[in-house]
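Taking it in order: structure first as structure tokens, then the write-up.
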Amino acid sequence: LQEVTASSRHYVDRLFDLDPQKVLQGVIDMKNAVIGNNKQKANLIVLGAVPRLLYLLQQESSSTELRTECAVVLGSLAMGTENNVKSLLDCHIIPALLQGLLSPDLKFIEACLRCLRTIFISPVTPEDLLYTDATVISHLMALLSRSRYTQEYICQIFSHCCKGPDHQTILFNHGAVQSIAHLLVSTSYKVRMQALKCFSVLAFENPQVSMTLVNVSVDGELLPQIFVKMLQRDKPIEMQLTSAKCLTSMCRAGAIRTDDPCIVLKTLPCLVRMCSKERLLEERVEGAETLAYLIETDVELQRIASITDHLIVMLADYFKYPSSVSAITDIKRLDHDLKHAHELRQAAFKLYASLGANDEDIRKKIIETENMMDRIVNGLSESSIKVRLAAVRCLHSLSRSVQQLRTSFQDHAVWKPLMKVLQNAPNEILVVASSTLCNLLLEFSPSKEPILESGAIELLCSLTQSENLALRVNGIWALMNMAFQAEQKIKSDILRGLSTEQLFQLLSDSDVNVLMKTLGLLRNLLSTRPHIDHIMSTHGKQIMQAVTLILEGEHNIEVKEQTLCILANIADGTTAKELIMTNDDILQKIKYYMSHSNAKLQLAAMFCISNLIWNEEEGSQERQDKLRDMGIVDILHKLSQSSDPNLCDKAKTALQQYLA
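If you read the sequence shown in this note's numbering, its first letter stands for residue 7, the second for the next number, and so on.
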């Protein structure tokens, strides 16, 4: 290193010469020495060239030519490795360059912008550095009109530094849409392209920007029409892809209808084209991911995509990449693609998940694609978290099919890898994996038994204690599905696993979804007589407390109805009935709901009464008498005159029990 640095030292020494002309020549020689030479760049940084270059760049006494050459050399150093960029950031290069933008000299401004652009596109640079001083953005907007270079570099800086809604809002409020729109018709391809990229990041998941873009026009043409022109096959691929992303964001934000011809006939086919074998790896990845996002929530678009250019079969190639090594003659390209092949798999899983989100026939086609289930199972255990997440999403989408749950899912014992994924995965994977488990635990799914044997109850009970709402909902939902028509042992295991405290915790959860699913679980646990009697003999006191709690609380109709249905189930037990009959408070509540203004609640309350007074059962006479004394018969007479046919029938049937 000493020898190498010694030969580089003279470059740095010349920066300290007293003769400004020699300093300038030194900077120019340095510029020529570092171009394309990473070793030389690293040496000069080690030798302390950066602070001196920044000093010269900021000196008022330096000539504009010298300051410009300094910016050029710094830009060249930034082009090297990530460590180079870190060294430049440590020397506070960004404030120095931003200060330079206030100069009147255009060449110097362009050199500063070019260097800023190079630094900001590096992954090691924090985007927030662009937003620390509020005046910077408005100054950059003003510089947009200066030259095609300022336009190209500033748009590139914006598109790299716009991460998330906060940044989008700042740029939007500074008039980015209006300032950048006219650049889409610039004579320079690079400017058009960078402006387009700006719009694709500004509009992404942002309804405010998307709704604005629809109405902006440039030279009498609306932006969506300009984007559609940029989608055409004769345009460069990156332009086609980026304009497809703009239109996709606008469509997802509701700014363009999903059945608009510019989506159905232009954007969707363009994205499908990007998935073909002829395209480069990153184009295929971006094409598939954008298409997955475009069709994610729209059944009709899913159907159209599934029959465009044999897309479902075309995606199978994403798993065989690179297919023939000989086809890739460029060895660098091959090396790059082997390292990134997992991105293709992730993109394919994502797109399959979107395609199969709603339509049974599409799911069938996906599953019948060669080795599809094996690929998903392999995907669940890949090292890349993104691939695992996408594979789980794909599995979740396909698990919505009753047919597939009974066949393919069974043949491939999908539940095994799924249970493995659920042991210590990050939350975003857990949410999708537990949703999939809910489907695998449905009554008609043959996977239910083996899942139970593999310790699912414990796992799901622990999910119900999660801080994450979606996980609590899924945990309780899966237990609800598990308890449906289950044998008594399973029901007891669930109650033991949950514990009474946890059950009360869930019943007082602030989220109505958690509450409804917990009531659903209770209702499934309390079905079939022997089970009802058994559970009420062990947990009766707590369950009656819970029911009282909810009927007294401020809850919506659905919640109260579900709770009354649980009471009706308890009333159907042989010994469990007594827990209601000896609880005057609950009896008064049932009476109150019989005369409620909502017919659903009246009906649910009547179910309770019918089950309590049913004739063929032991002790029915005493129960009938007690309820008559409470005035229940009078209410039944009134209800038998009801205009609601359901209520009327139910009341008449109940009265017959008294007459029999």
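A virtual CB, placed ideally from N, CA and C, is assigned to each residue, including glycine.
Bear in mind the structure is a predicted one, so any value in this text is a computation, not a measurement.
Pick from the options: whose alpha carbon is nearest that of residue i?
i: cysteine 118; options: Leu404, Met612, Leu146 and Glu133; result: Leu146
i: threonine 175; options: Val142, His540, Gln214 and Leu475; result: Gln214
i: glutamate 227; options: Val191, Met542, Glu75 and Gln308; result: Val191
i: glutamine 416; options: Leu428, Lys454 and Leu386; result: Lys454
i: leucine 513; options: Met550, Asn487, His540 and Ala489; result: Met550
i: valine 639; options: Ser441, Ser616 and Leu317; result: Ser616
i: leucine 361; options: Ser390, Leu317, Val393 and Tyr324; result: Leu317
i: methionine 217; options: Gly260, Cys161 and Leu585; result: Gly260
i: isoleucine 556; options: Leu521, Ala431, Thr544 and Ile127; result: Leu521
i: aspartate 172; options: Ser153, Glu158, Lys196 and Ala209; result: Ala209
i: cysteine 400; options: Gln429, Ile368 and Asn430; result: Ile368
i: methionine 636; options: Leu386, Ser441 and Asp591; result: Asp591
i: aspartate 365; options: Gln308, Arg502 and Asp23; result: Gln308
i: alanine 359; options: Leu150, Ala462 and Val393; result: Val393
i: tyrosine 159; options: Thr141, Leu189, Ser312 and Asp139; result: Leu189
i: valine 565; options: Thr581, Met587 and Ser516; result: Ser516
i: leucine 60; options: Pro26, Lys356 and Gly106; result: Gly106
May I ask you to report which of helix, strand or coil DSSP gives residue i?
i: glutamate 116; result: helix
i: serine 468; result: helix
i: serine 386; result: Rather than serine, the amino acid found at residue 386 in this sequence is leucine. Here leucine 386 sits in coil by DSSP.
i: leucine 274; result: helix
i: valine 420; result: coil
i: serine 223; result: strand
i: leucine 228; result: strand
i: tyrosine 195; result: helix
i: tryptophan 620; result: coil
i: tyrosine 664; result: helix
i: lysine 169; result: coil
i: aspartate 23; result: coil
i: valine 207; result: helix
i: lysine 632; result: helix
i: threonine 156; result: helix
i: isoleucine 262; result: coil
i: phenylalanine 126; result: helix
i: glutamate 667; result: Residue 667 is absent from the structure shown; the chain starts at 7 and stops at 666.
Determine the burial state of residue i: buried for a count of at least 16 other Cβ atoms within 10 Å of its Cβ, exposed for fewer.
i: arginine 239; result: exposed
i: asparagine 179; result: exposed
i: glutamate 473; result: exposed
i: glycine 559; result: exposed
i: lysine 326; result: exposed
i: glutamate 459; result: exposed
i: valine 78; result: buried
i: glutamine 594; result: exposed
i: serine 332; result: With a pLDDT of 49 at serine 332, under the threshold of 50, the modelled position of that residue is not reliable, and the figure given next carries that caveat. So serine 332 counts as exposed.
i: arginine 123; result: buried
i: valine 130; result: exposed
i: leucine 108; result: exposed
i: valine 40; result: buried
i: leucine 466; result: buried
Counting only the same chain and skipping the five closest in sequence on each side, list residues whose C-beta sits under 7 Å from that of residue i.
i: cysteine 614; result: Leu570, Leu573, Ala574, Ala577 and Ile596
i: serine 533; result: Asn575
i: leucine 247; result: Met280, Glu289, Glu292 and Gly293
i: arginine 15; result: Leu53
i: alanine 250; result: Leu237, Thr273, Cys276, Leu277 and Thr296
i: methionine 245; result: Met199, Leu202 and Met236
i: leucine 7; result: Because leucine 7 sits at a pLDDT of 49, beneath the cut-off of 50, its placement in the model cannot be relied upon, and the following sentence gives the value as read from the coordinates. Closer than 7 Å at Cβ, skipping near neighbours: no residue.
i: isoleucine 373; result: Met379, Leu404, Gln410 and Ser414
Please go through the same chain and pick out, in chain order, the residues whose beta-carbon is closer than 6 Å to the beta-carbon of residue i, but skip the five residues on each side of it.
i: histidine 165; result: One detail in the question is off: residue 165 reads as serine in this sequence, not histidine. Closer than 6 Å at Cβ, skipping near neighbours: Lys203, Cys204 and Val207.
i: asparagine 445; result: Ser405
i: alanine 657; result: Leu642, Leu645 and Ser646
i: lysine 169; result: Glu133
i: leucine 136; result: Cys167
Which residues in the same chain as residue i place their Cβ atom closer than 8 Å to its Cβ, once the five residues preceding and following it in sequence are excluded?
i: alanine 605; result: Asp650, Asn652 and Leu653
i: isoleucine 619; result: Ser626, Arg629, Gln630, Leu633, Ala660, Gln663 and Tyr664
i: glycine 494; result: It is worth fixing the name first, because residue 494 is glutamine in this sequence and not glycine. The answer, listed in chain order, is Pro536, His537 and His540.
i: leucine 62; result: Leu21, Val29, Val33, Ser68, Leu72, Arg73 and Cys76
i: glutamine 184; result: Val222
i: asparagine 562; result: Val518
Can you find a heavy atom of the ligand MG that lies under 6 Å from the Cβ of residue i?
i: leucine 521; result: With respect to small molecules bound, the structure shown includes none, and the ligand MG cannot be examined in it.
Within the 7 Å Cβ cut-off, does residue i reach chain C?
i: asparagine 430; result: Note that chain C does not occur in the displayed structure, where there is just one protein chain.
_Meets three-Cβ-pair contact criterion under 8 Å: the segment 525-536 and the segment 475-494_ = yes
*At a cut of 8 Å, does the segment 259-266 reach the segment 288-296 through at least three beta carbon pairs?*
no
*With a cut-off of 8 Å, do at least 3 Cβ pairs link the segment 298-306 to the segment 338-351?*
no
*Assess, as a yes-or-no matter, whether the segment 84-101 is touched by the segment 45-58 under the definition of 3 or more beta carbon pairs within less than 8 Å.*
yes
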